[in-house]
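Asker:
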Amino acid sequence: MKLSQDIIRQLAETLETAELECRPVTKITDAYPEMDWEDAYAIQDEIKRRKQERGVRIPGLKMGLTSIAKMKQMGVEEPIHGFLTDYGLQPDGARIDTSRLIHPKVEAEIAFVLKRPLQGPGCHIGDVLAATDFVVPAVEVIDSRYENFRFDLKSVIADNTSSARFIVGGSRDAHAVDLKNLGVVLRKNGEIMSTATGAAVLGHPAHSVATLANMLGARGRTLEAGTLILTGGVTEAIPVRAGDSIVAEYQDLGSVSLSFA
Ligand code: OOG
Ligand code: MG
4 MKLSQDIIRQ
14 LAETLETAEL
24 ECRPVTKITD
34 AYPEMDWEDA
44 YAIQDEIKRR
54 KQERGVRIPG
64 LKMGLTSIAK
74 MKQMGVEEPI
84 HGFLTDYGLQ
94 PDGARIDTSR
104 LIHPKVEAEI
114 AFVLKRPLQG
124 PGCHIGDVLA
134 ATDFVVPAVE
144 VIDSRYENFR
154 FDLKSVIADN
164 TSSARFIVGG
174 SRDAHAVDLK
184 NLGVVLRKNG
194 EIMSTATGAA
204 VLGHPAHSVA
214 TLANMLGARG
224 RTLEAGTLIL
234 TGGVTEAIPV
244 RAGDSIVAEY
254 QDLGSVSLSF
264 A
């Protein structure tokens, strides 16, 4: 670690305040170019600790930058992980209040719920499928706390990987669907914005969960049973504003819809 505990606490406060007050800040590596990966996750952990101290619950975790489309869009090439919040969970069909967000974008994702814990390193797709209770279609609303949605990997990890809101649809048995070849269509205001298949996510969405278990395992952590895991956007993220409506259609999994007010 390159940053002191004081600086880590200070940066966590800056980023969480930016989220809660919907005011973007400059990316933190501008002021602290020496910060390392450990510092970045330590800031994210400190944001989580602040929220939990206020009674916020953490229903799950998310992987980010797991598809080539997303990596290209953001100019980075490594998956990252963050956490989800109870207040971020919105029902299917929700109207999302854009006045509580800075510059939201939506992503179509495939999510897993585990029935057994997963412990990396060495976790693979087979372990994930054996430990999966069910899969659900999901839409994530991301909202970088950085000006113009511009960042580098360390800054976005510290900013809890732009986590803001998420919506999940109806559940399906993971073994009943071909997750790799599963088609996804993302529409804005009725118009198709992008299409992809599950394979866009690290070759297979379960590989994203295995990668998460291995990343956590490297830090001595376990992926607990019951955790909801968003595996990352299958296509590039689509900017939205008040008045927009979004529908994500998933082959065999149904659809998820939301609108912005
Ligand atoms: C980082 C979060 C990426 C995903 O699904 O790839 C992410 C960002 O692009 O702001 O959630
Ligand atoms: Mg995402």
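Counting from 4, one number per residue, gives the positions in the sequence shown under the working numbering. Virtual Cβ for every residue (Gly too), placed ideally from N, Cα, C. Given the structure is predicted, the values throughout are model-derived calculations rather than measurements.
Quick check: the Cα distance between residue 39 and residue 149, rounded to an integer number of angstroms?
Answerer: 18 Å
Asker: Whole beta strand (DSSP E) runs in the stretch 78 to 160 with 3 or more residues, listed along the chain?
Answerer: 83 to 87, 108 to 117 and 135 to 145
Asker: For residue 252, which residues from the same chain have a beta carbon less than 6 Å from its beta carbon, with the 5 sequence-adjacent residues on both sides left out?
Answerer: 188 and 258
Asker: Just grab the DSSP bridge partners of residue 199 for me.
Answerer: 187
Asker: Whether or not the stretch 230 to 240 and the stretch 56 to 69 are in contact is what I'm after, with contact meaning three or more pairs of Cβ atoms, one per stretch, closer than 8 Å; do they touch?
Answerer: yes
Asker: Would you call the stretch 157 to 175 in contact with the stretch 136 to 143, where contact means no fewer than 3 C-beta pairs closer than 8 Å?
Answerer: yes
Asker: Taking only three categories from DSSP, how would you classify residue 208?
Answerer: Secondary structure at residue 208: helix, using DSSP grouped into helix, strand and coil.
Asker: Using the Cα positions of residue 226 and residue 85, report the straight-line distance between them to the nearest angstrom.
Answerer: For residue 226 and residue 85, the distance between alpha carbons rounds to 13 Å.
Asker: In the DSSP assignment, find the alpha helix (DSSP H) that holds residue 54 and state where it starts and stops.
Answerer: 40 to 56
Asker: Who are the near neighbours of residue 255 in its chain, counting only those whose CB is closer than 6 Å to its CB and skipping five residues on each side?
Answerer: 180
Asker: Output needed for residue 200: all residues of its chain with C-beta closer than 8 Å, excluding positions within five of it in sequence on either side, in chain order.
Answerer: 183, 184, 185, 186, 187 and 237
Asker: Verify whether the separation of the beta carbon atoms of residue 105 and residue 146 is less than 8 Å.
Answerer: yes
Asker: For residue 55, which of 31, 80, 19 and 25 has the nearest alpha-carbon?
Answerer: 19
Asker: To the nearest angstrom, report how far apart residue 128 and residue 210 are at their CA atoms.
Answerer: Rounded to whole angstroms, residue 128 to residue 210 spans 5 Å at the Cα level.
Asker: Beta-carbon distances below 6 Å to any heavy atom of the ligand MG define the shell here; list its residues in chain order, please.
Answerer: 65, 67, 110, 112, 143, 145, 233, 235 and 236
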